[in-house]
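*Asks:* In our numbering, the protein residues as written are 501 to 636. Quick reminder that beta carbons are idealized off the backbone N, C-alpha and C, glycines included.
(1) Would a C-beta distance cut-off of 8 Å place residue 629 and residue 607 closer than the cut-off?
(2) State the Cα-Cα distance for the pair residue 591 and residue 583, rounded to the nearest angstrom.
(3) So, for residue 627: in the same chain, excluding its five sequence neighbours on each side, which residues have a beta-carbon less than 8 Å away from its beta-carbon?
(4) In the DSSP assignment, find the unbroken alpha helix (DSSP H) run with residue 587 in it and report its ends.
(5) Any chance the region 563–578 sits against the region 529–549, with 3 or more Cβ pairs inside 8 Å?
(6) Have a look at residue 556 and residue 550 and give me their C-alpha separation to the nearest angstrom.
(7) Between residue 600 and residue 564, which are expected to be in contact by the criterion C-beta below 8 Å, what is the C-beta distance as a whole number of angstroms?
(8) For residue 528, which residues in the same chain have their Cβ closer than 6 Å to its Cβ, ignoring the five residues on either side in sequence?
(9) What ranges does the beta strand (DSSP E) occupy inside the region 508–576, keeping only unbroken runs of at least 3 residues that lie completely in it?
(10) Return the residue from the list 598, 554 and 585 that minimises the CA-CA distance to residue 512.
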């Protein structure tokens with residue numbers, strides 16, 4: 501284990517701004533649409549606004565220190581996982597529809613916590629490398 505300072509990874513502000521703009525645009529569309537459009541655009545606007553609020557309330561998605569990692573649970577709760585409970589840290593890469601998606605996986609045996617670059621604010625490979633260096 502390398503004694504590294506604690507680290508936090510958070511949602512990028514640009515992602516939050518895009519969600520807010522999308523929610524506003526969908527709300528405007530809902531107000532100008534017919535009955536079905538009002539319903540569909542209204543539901544989409546509420547969903548996107550809810551995600552933006554979650555990003556504002558719980559910007560830090562993953563934190564790590566010499567005791568373990570703290571992950572987000574539920575809407576905006578936090579859960580600390582000591583290092584000995586983490587069985588595996590890995591990056592899952594998948595190609596789908598012409599794009600490549602990478603997810604950071606923290607496997608505790610009972611749960612798998614998944615994080616994308618949008619959750620962490622940076623590519624997942626460097627985050628996985630930092631976590632592996634911090635892990636005892």
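*Replies:* So, from the data block:
(1) no
(2) One C-alpha to the other measures close to 18 Å.
(3) Excluding five sequence positions before and after residue 627, the CB atoms of its chain that fall closer than 8 Å to its own CB belong to 509, 562, 604, 615 and 620, given in chain order.
(4) Annotation: residue 587 is outside any alpha helix (DSSP H) and is labelled neither H nor E by DSSP.
(5) no
(6) 10 Å
(7) The Cβ separation is near 25 Å, so there is no contact.
(8) none
(9) 560–565 and 568–573
(10) 554
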